[in-house]
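Encoded as structure tokens, the structure appears first; notes follow it.
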Amino acid sequence: MRTTDSDSNSSYQNDADDSLLPPKVFANSLYSETDEVIVYKRRWFILLVYCCNAILQSIIWNTWGPIEATARAVYKWDSYVIDLMAAWGGITFCITMIPFAWIMDVKGKCFSFFAHGHHYWFAQNNSCL
Numbered sequence: 010m011r012t013t014d015s016d017s018n019s020s021y022q023n024d025a026d027d028s029l030l031p032p033k034v035f036a037n038s039l040y041s042e043t044d045e046v047i048v049y050k051r052r053w054f055i056l057l058v059y060c061c062n063a064i065l066q067s068i069i070w071n072t073w074g075p076i077e078a079t080a081r082a083v084y085k086w087d088s089y090v091i092d093l094m095a096a097w098g099g100i101t102f103c104i105t106m107i108p109f110a111w112i113m114d115v116k117g118k119c120f121s122f123f124a125h126g127h128h129y130w131f132a133q134n135n136s137c138l
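Going by the working numbering, the first residue of the sequence shown is number 10, and it counts up by one from there.
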């Protein structure tokens with residue numbers, strides 16, 4: 010049976026499409042719909058330690074530029090070797106990014122961060138030798 014346009018329009022409702030609204034049920038059980046925000050001091054500490062670690066890495070890898078002339082004279086290296094020494098920071102990040110992402114998923118952020126810190130400390134101590 011065929012309906013006319015007036016029949017189909019009368020049954021149609023002009024309500025908002027629910028698919029465009031934010032979900033009413035969240036997967037995170039800690040979510041509350043209040044405006045209360047909880048600030049944890051340990052999160053700020055972890056952020057501070059992470060930022061200090063990033064700054065320290067940048068300082069260490071950027072020291073090769075100012076000592077390039079001295080390193081050429083003492084070690085008799087070419088300029089591309091000095092450039093490679095400065096690039097090892099980015100190269101090691103590309104190499105270790107996937108394993109540490111997997112470790113972070115399996116073991117958690119805390120273990121991954123401390124494992125990175127210990128590997129970084131070991132590598133920098135070996136570079137001093």
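Even glycine gets a Cβ: it sits at the ideal position worked out from N, Cα and C.
When you compare the CB positions of isoleucine 100 and glutamate 77, do they come within less than 7 Å of one another, or not? Translated into the one-based positions of the sequence shown, residue 100 becomes position 91. Translated into the one-based positions of the sequence shown, residue 77 becomes position 68. No, these two residues do not count as a Cβ contact at 7 Å.
CA-CA distance, phenylalanine 122 and threonine 72? Position 113 of the sequence shown, counted from the first residue, corresponds to residue 122. Position 63 of the sequence shown, counted from the first residue, corresponds to residue 72. Between phenylalanine 122 and threonine 72, the alpha-carbon positions lie close to 24 Å from each other.
Considering only residues of the segment 35 to 91, which uninterrupted alpha helix (DSSP H) runs meet the minimum length of 4 residues and lie entirely inside it, listed in chain order? Taken in chain order, the unbroken stretches of alpha helix (DSSP H) that lie wholly in the segment 35 to 91 and span 4 residues or more are 50 to 70, 77 to 84.
How many Å lie between valine 58 and arginine 52 at the Cα? Position 49 of the sequence shown, counted from the first residue, corresponds to residue 58. Position 43 of the sequence shown, counted from the first residue, corresponds to residue 52. Their backbone Cα atoms lie some 10 Å apart in a straight line.
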